[in-house]
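Start counting the first sequence at 307; every next residue gets the next number (my numbering).
Below is one structure, written out as structure tokens; the observations come after it.
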Amino acid sequence: MNEPIIVWFRQDLRLADNPALHAAASEGKILPIYILDDTNAGTWKMGAANRVWTHHSLIDLNTQLNGKLCILKGDAKKLVPQLIKETKAKAIYWNRCYEPWRISRDKKIKENLEIECKSFNGSLLWEPWHIKTQADTPYKVFTPYYRKGCLNHTAPREPLGKPDKIDIYSHQGLSINDLNLLPPKEEGGWGQKMTSYWDISEKSGHQRLTDFLEDGLNDYKEGRNIPSQNNVSRLSPYLHHGQISPHQAWYQSAFIAEHNKIPQKDLDHFHSELGWREFSYHLLYHFPDITHEPLQENFKDFPWHPDKSTLEAWKKGQTGYPIIDAAMRELWATGYMHGRCRMIVGSFLVKNMLVHWHEGEQWFWDCLVDADLANNSASWQWIAGCGADAAPYFRVFNPLLQSKKFDGNGDYIRQWVPELSKLSDKDIHEPWTLDENTLKKADIVLGNDYPKPILDLSATRNRALDAYATIKKKNNNDE
DNA sequence: TGAAATGTTGGGGCG
DNA sequence: ACGCCCCAACATTTC
């Protein structure tokens with residue numbers, strides 16, 4: 307009985323708290339595999355930043371598995387049965403994924419298998435089908451979803467350790483480089499610079515969690531809004547790719563909070579942020595169209611205003627609004643953006659620019675190392691006002707006020723928009739209001755060293771409110 | 001997990 | 001002492 311159990315790694319690129327691996331390793335020889343499946347992903351093939359992260363994740367995982375991770379590329383519906391035939395594997399285990407295309411693919415694979423197939427919960431605290439309202443419908447509002455649905459449900463399972471021993475069956479696959487996950491011509495290019503901001507491995511995911519819990523959890527509730535402070539966890543890419551599990555984050559944070567006497571509100575708030583991730587998965591599972599269709603029907607007729615040139619300025623961080631440009635440049639440089647800033651730039655795109663949220667969704671999908679179908683879709687719908695429990699459309703962020711409120715001393719702006727760094731803490735938020743002399747002293751020629759604002763905040767705010775009024779009226783007439 | 005417009009209140013300067 | 005105005009500081013409402 308030397309036939310292996312295949313353990314199919316997907317978005318759970320770790321050895322600890324990996325239920326599928328844990329079960330398989332306790333039963334015998336395992337064959338660990340990874341499949342880059344662009345065939346079935348369709349529109350939602352991994353974006354560029356996610357590929358870079360995956361490349362490095364696979365190197366780490368392969369090392370941890372003594373170089374025996376079997377790597378494949380192509381249609382998993384064909385590759386899995388083929389591999390089973392070649393290796394005479396007796397079973398295949400995996401941790402469940404929840405993207406619509408993965409659900410349908412995995413279901414088909416499972417249906418056609420002649421060997422045992424077991425799936426496990428590796429990446430959610432509460433799986434989408436467990437949480438229902440009293441009326442047996444999915445939740446559409448976060449607070450009752452989280453409070454009544456999740457917190458009153460059974461507690462999340464405790465994390466598992468690494469398997470005591472892993473007996474690995476070798477099978478030749480591709481090399482990691484064969485997957486071509488890095489962008490072409492990577493000599494000091496975008497992908498390489500981006501990874502200099504990160505340490506990509508299971509071990510460093512845990513280090514990040516530990517560092518955050520020690521330094522950032524205290525005052526998390528307030529401090530998380532300030533992009534220049536270290537109160538955000540920056541765990542999202544590790545959670546997305548599975549270097550850490552939400553279960554580990556949930557329980558370790560509770561443990562540290564008690565040990566370090568962290569205020570309850572800070573721990574609760576961190577847990578609730580994990581809850582938002584769960585909520586996104588809940589929505590994507592029950593409303594799989596949210597990746598492309600607004601959840602609120604009346605938004606189908608929304609009068610968007612496509613504009614290539616302002617969209618380019620937004621993507622490049624050249625809008626003339628320092629807080630927006632800082633955030634967009636952080637995204638490009640690091641593959642990450644602070645959460646508060648994601649709301650600010652999202653509101654700016656969708657409301658001030660009046661550009662369809664699909665454009666933001668696509669750009670983030672390509673640029674974020676934590677790009678996650680559930681979180682990305684649900685969050686863009688949230689900021690656009692067309693999603694579940696969404697920010698009302700009329701809630702238009704004013705980037706200037708947000709900038710003064712959450713980056714008061716301009717530290718974040720100075721980091722990412724260095725051409726403004728000589729301006730005072732007060733002036734740096736609004737260079738377009740400054741007189742010639744002040745600008746000159748800071749070595750800035752507006753329109754040359756730094757752009758003039760691409761749009762007027764007040765006028766575009768009113769334009770957005772008018773646009774909203776058109777679909778609101780339509781909706782009322784329908785009823 | 002807003003912002004702006006509008007309304008209200010109360011202190012202080014001033015005739 | 002008093003009314004009047006100004007305006008900051010809140011509070012409420014509206015989008």
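Ideal Cβ positions, reconstructed from N, Cα and C, are used throughout, including at glycine.
Can you tell me which of Y451, S429, G428 puts its alpha carbon nearest to the alpha carbon of T439?
Y451
Tell me whether the region 465-477 and the region 319-339 touch, counting them as touching only if at least three CB pairs, one residue from each stretch, are closer than 8 Å.
yes
With a threshold of 6 Å on Cβ separation, who are the neighbours of K622 within its own chain once the five nearest residues in sequence on each side are excluded?
none
Given C423 as reference, the closest of A397, E405, Y445, A775 once Cα atoms are compared:
A397
Exposed or buried, what is K657 when buried is set at 16 or more other beta-carbons lying within 10 Å of its beta-carbon?
buried
By how many angstroms is the C-alpha of L601 removed from the C-alpha of F593?
8 Å
Please classify S425: does DSSP put it in a helix, a strand, or coil?
strand
Is it right to say N782 is buried, meaning 16 or more other beta carbons lie within 10 angstroms of its own, or is it exposed?
Unreliable positioning characterises N782 in this predicted model, as indicated by a pLDDT of 44, which lies under 50. The coordinate reading is nonetheless provided below. Its Cβ having fewer than 16 others within 10 Å, N782 is exposed.
For A632, tell me which candidate among S578, I596, G716 has the shortest Cα-Cα distance.
G716
Could you spell out the range, first to last residue, of the beta strand (DSSP E) harbouring P705?
First-last for P705: 705-712, but that is the alpha helix (DSSP H), not the beta strand (DSSP E).
Note down, in chain order, each residue of its chain lying with its Cβ closer than 8 Å to the Cβ of A329, except the 5 sequence neighbours on either side.
Y399, K424, F426
Which of helix, strand or coil does DSSP assign to V313?
strand
Assumed close pair Y591, Y404 - CB separation to whole angstroms, cut-off 8 Å
5 Å
So, are the CB atoms of R646 and N531 less than 8 Å apart?
yes
Going by other Cβ atoms of all chains shown within 10 Å of its Cβ, with 16 needed for buried, is F418 buried or exposed?
The amino acid at residue 418 is misidentified as Phe; the sequence shows Asn. N418 should be labelled exposed.
Going by beta-carbon coordinates alone, are S722 and E636 separated by less than 8 Å?
Residue identity check: residue 722 is Trp in the sequence provided, not Ser. Going by C-beta atoms, W722 is nearer than 8 Å to E636.
For the alpha helix (DSSP H) that Y591 lies in, which residues bound it at each end?
570-592
Contacting residues, own chain, Cβ-Cβ under 8 Å from E508 (five flanking each side not counted):
L319, R320, L321, A322, D366, L367, Q370, Q549, I550
Can the beta-carbon of P469 be found less than 8 Å from the beta-carbon of S332?
yes
What are the start and end residues of the alpha helix (DSSP H) that includes K567?
Where K567 is concerned, there is no enclosing alpha helix (DSSP H), given that its DSSP letter is neither H nor E.
Mind checking which residues open and close the beta strand (DSSP E) that includes Y399?
397-401
Distance between beta carbons of H546 and D343, contact taken as under 8 Å:
Not quite, the Cβ-Cβ distance comes to about 17 Å (not below 8 Å), so this is no contact.
Would you mind sorting P628 into buried or exposed? The rule is 16 or more other CB atoms within 10 Å of its CB.
buried
Specify the secondary structure class of Y627 as computed by DSSP and reduced to three states.
coil
What runs of the alpha helix (DSSP H), each 4 residues or longer, lie entirely inside the region 310-379?
325-333, 344-347, 354-370
Our contact map puts I312 next to A395 with C-beta atoms below 8 Å; I'd like the distance itself, whole angstroms only.
5 Å
Span of the alpha helix (DSSP H) around I506
No alpha helix (DSSP H) holds I506; DSSP gives it neither H nor E.
Across the region 553-569 and the region 513-523, are there enough close Cβ pairs to call them in contact, namely three or more that are closer than 8 Å?
yes
What span of residues does the alpha helix (DSSP H) with A748 cover, start to end?
Note, A748: premise wrong, no alpha helix (DSSP H); not H, not E.
Assuming contact is defined by CB atoms lying nearer than 8 Å, are L295 and Q558 in contact in what I supplied?
The structure shown does not extend to residue 295, since the chain is modelled only from 307 through 785, so no value can be given for it.
What separation, rounded to the nearest whole angstrom, lies between the Cα atoms of E785 and L761?
Only weak support is given to the placement of E785: the predicted model assigns it a pLDDT of 32, under 50, and the question is left unresolved by the model.
In whole angstroms, what separates the C-alpha of N486 from that of W496?
15 Å
Report the option in K384, D574, V447, D595 whose CA atom is closest to the CA atom of W556.
D574
Hey, would you say A326 sits closer than 8 Å to N372, going by beta carbons?
no
DSSP three-state assignment for I760, whether helix, strand or coil
coil
Beta-carbon within less than 6 Å of A773's beta-carbon, same chain only, minus the 5 sequence neighbours each way: which residues are those?
P609
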